[in-house]
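Visitor: Attaching a single structure in structure tokens format; questions to follow.
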Amino acid sequence: MDFYILDELPEGMLEAGTENLHEILDGPTLLRIPGKKEPALFVSTLLHGDEPTGFLATQKLLNEYRARKEALPRTLWLFLGNIPAARENQRHLPGQPDFNRIWNGGSRPEHRLAENLTALLRSSELFAAIDIHNTSGRNPHYACVNKLDPAIINLGKLFSSMIVYFTRPEEVISRALSEFCTAITIESGLAHDPYGVEHVSNFLRQCLNLDRIPDTLPNPEEPEVYHSIARIEVPETSRIGFGDTPGETDFNFVENLESMNFIEQAENTLLGWRRNPQMHLAVVNEQGQDVSESFIHYKNGEIRLLRCVVPSMFTTHTINILDDCLGYLMQRYTLG
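Encoded structure:
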């Protein structure tokens, strides 16, 4: 499996919805759109087929420049990832790997695609790289960084005052690209939220107009930086429910789970109930170790926190929970 390269926008591209891109593109595609300045800004989106905001925001921006008959301020390289999954509005199709978990080696055709694209980008002098996502649960807009490099922090701060620093999963595109360029991920809220499209479009416009990205650390109190220290994984064979209601489930999580995101949760906070004592949640740290006994405990069927943490990406989307995780646990981080 490989990706296609186009040096001009195909007909219908600026009017299409993500579910129709398969009619225009033959598969994963890198669009190289010339601008007034080099090097190029690299933007990736639709690595998850059910996260359309990045494409819609870029489409909006390109339509604005086309209406003014004006060239982009900087060359834009736009990578559109999982086109077949976008057609079905799914994170990825059955049998496919997650397209944002293929960027650290592997033997599948999708891993070769990732290796080839990374090699091309490494050989090109990129201005910066931005991977755009939606969250399946309610979260504020925030940026993710894999290195505490000043330029990377400043690029993230341009999108949001909230920045999450993480080193796992290791297989995400931003981590691969941050080895050789200023690379971030942005999380732009729920799919199909007009504010998300507007916010991302404005951010990309700012990035295209930048002459340089500052390379000194900002004030330690701004932005708010969080360090993602663990994720909660749920056995993929689990039956999941929400609310303290009887039923044939293995785990029930509190109904207000998503409202916990980016709000400090105290020790002993209730996360849910374990109906099946043979099943266990796994809290996995950045080293890939199961550290569940340091973060959660089960008592009288309840699942409670053992320490104060700040959750992120807690979701009630069952498919995403089983395919990826329930969410992440963070703590505040001070720059400098």
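Numbering-wise, our numbering puts 1127 at position 197 of the sequence shown, and it's gapless, one number per residue.
A virtual CB, placed ideally from N, CA and C, is assigned to each residue, including glycine.
Looking at L960: is its Cβ nearer than 8 Å to the Cβ of I935?
Guide: Yes, Cβ-Cβ distance for L960 and I935 is below 8 Å.
Visitor: Smallest Cα separation from R906: which of A987, E1178 and T975?
Guide: Lying before the first or after the last residue shown, residue 906 is absent from the chain, which here runs from 931 to 1266.
Visitor: Note down, one range per segment and in chain order, each beta strand (DSSP E) of at least 3 residues found wholly within the segment 995–1066.
Guide: Runs found: 1006–1010 and 1058–1063.
Visitor: Roughly how many angstroms separate the alpha carbons of S974 and E1185, rounded to a whole number?
Guide: Approximately 33 Å, taken between the alpha carbons.
Visitor: Among P958, L1147, P964 and G1067, whose alpha-carbon lies nearest the alpha-carbon of P1039?
Guide: The shortest Cα separation from P1039 among P958, L1147, P964 and G1067 belongs to P958.
Visitor: So I1162 and L1259 are supposed to be a Cβ contact under 8 Å. How far apart are they, rounded?
Guide: The pair is a contact, with the Cβ atoms about 7 Å apart (cut-off 8 Å).
Visitor: Can you tell me where the alpha helix (DSSP H) holding F1225 begins and where it ends?
Guide: That run of the alpha helix (DSSP H) goes S1222 to F1225.
Visitor: Going by alpha carbons, who is nearest to Y1228 out of C1255, M1209, E968 and S1242?
Guide: Selected option, being the one with the closest Cα: M1209.
Visitor: So, does the segment 1113–1129 touch the segment 1073–1083, judging by three or more C-beta pairs under 8 Å?
Guide: The segment 1113–1129 is in contact with the segment 1073–1083.
Visitor: Distance check for L977 and G948, CA to CA, integer angstroms please.
Guide: Looking at the sequence provided, one finds Thr at residue 948 rather than Gly. Roughly 12 Å separates the two Cα atoms.
Visitor: In the DSSP assignment, the beta strand (DSSP E) including I1233 goes from what residue to what residue?
Guide: E1232 to L1235 is the extent of the beta strand (DSSP E) around I1233.
Visitor: For the candidate residues P1003, M943 and F1110, whose alpha-carbon lies nearest to that of S1054?
Guide: Answer by Cα proximity: F1110.
Visitor: Quick check on DSSP: helix, strand or coil for V885?
Guide: Here the chain covers residues 931 to 1266 and nothing more, so residue 885 does not appear.
Visitor: Does the distance from the CB of F1244 to the CB of M1190 come in under 8 Å?
Guide: For F1244 and M1190, yes; Cβs fall inside 8 Å.
Visitor: Closer than 8 Å is the cut-off here; do at least three beta carbon pairs connect the segment 1003–1021 with the segment 1080–1095?
Guide: Because the criterion of three Cβ pairs below 8 Å is not met, the segment 1003–1021 and the segment 1080–1095 do not touch.
Visitor: Take R1169 and list the residues in its own chain whose beta-carbon comes closer than 7 Å to its own, dropping the five residues that flank it on each side.
Guide: So the list reads E1178, T1179 and D1180, once near-sequence residues are dropped.
Visitor: Between which two residues does the alpha helix (DSSP H) containing F1133 stretch?
Guide: Note, F1133: alpha helix (DSSP H), P1124 to N1139.
Visitor: Taking three-plus beta-carbon pairs below 8 Å as touching, is the segment 1131–1145 in contact with the segment 1212–1225?
Guide: Too few Cβ pairs lie closer than 8 Å, so no.
Visitor: In angstroms with no decimal places, state the Cα-to-Cα distance between P969 and L1085.
Guide: Distance between the alpha carbons of P969 and L1085 is about 16 Å.
Visitor: Taking the straight line between their C-alpha atoms, what separation do you get for R998 and Q1136?
Guide: Cα-Cα distance, rounded: 17 Å.
Visitor: Going by DSSP, which residues form a beta bridge with H952?
Guide: Per DSSP, none; premise fails for H952.
Visitor: Going by other Cβ atoms of all chains shown within 10 Å of its Cβ, with 16 needed for buried, is G942 buried or exposed?
Guide: That one is exposed.
Visitor: Near E1154, what residues of its chain come up, given a Cβ to Cβ distance below 8 Å and the 5 sequence neighbours on each side ignored?
Guide: The residues are S1091, M1092, I1093 and R1262.
Visitor: State the beta-bridge partners of H1247 as determined by DSSP.
Guide: Bridge partners of H1247: none, in fact.
Visitor: Round the Cβ separation of L1107 and A1059 to the nearest angstrom and send it over; I've been treating them as touching at under 8 Å.
Guide: Going by Cβ atoms, the distance from L1107 to A1059 rounds to 4 Å, so yes, they are a contact pair.
Visitor: By Cβ distance below 7 Å, which residues in the same chain neighbour I954 in space, the five residues on each side in sequence not counted?
Guide: The residues are P940, G942, M943 and A946.
Visitor: DSSP beta-bridge partners for E1163?
Guide: Note: E1163 sits in a beta bridge opposite A1212.
Visitor: On the DSSP letters alone, give me the boundaries of the beta strand (DSSP E) that N1076 sits inside.
Guide: Taken as a continuous stretch (DSSP letters only), N1076 belongs to no beta strand (DSSP E), as it is neither H nor E.
Visitor: What's the gap between the Cα of F1172 and the Cα of K967?
Guide: Taking the straight line from one Cα to the other gives about 51 Å.
Visitor: Between R1105 and the rest of its own chain, which residues show a CB-CB distance below 6 Å, the 5 nearest in sequence each way excluded?
Guide: Only N1076 meet the Cβ criterion.
Visitor: Within a Cβ cutoff of 7 Å, which residues of the same chain sit near P1165, ignoring the five residues on either side of it in sequence?
Guide: Contacts found: M1209.
Visitor: Just to confirm the assignment, what range does the beta strand (DSSP E) spanning L961 have?
Guide: Counting along the chain, the beta strand (DSSP E) containing L961 begins and ends at T959 to I963.
Visitor: L1107 lies in the alpha helix (DSSP H); which residues open and close that run?
Guide: First-last of the alpha helix (DSSP H) with L1107: I1103 to L1107.
Visitor: Closest to Y995 by C-alpha separation, out of N1198, L1138, D1174 and R1237, would be which residue?
Guide: The shortest C-alpha separation from Y995 is found at L1138.
Visitor: Measuring CA to CA, which of L1235, Q1217 and N1019 is closest to E1197?
Guide: For the residues L1235, Q1217 and N1019, the minimum Cα distance to E1197 belongs to L1235.
Visitor: Look at E1101 and R1042 and say whether their C-beta atoms are less than 8 Å apart.
Guide: Taking 8 Å as the Cβ cut-off, E1101 and R1042 do not qualify as a contacting pair.
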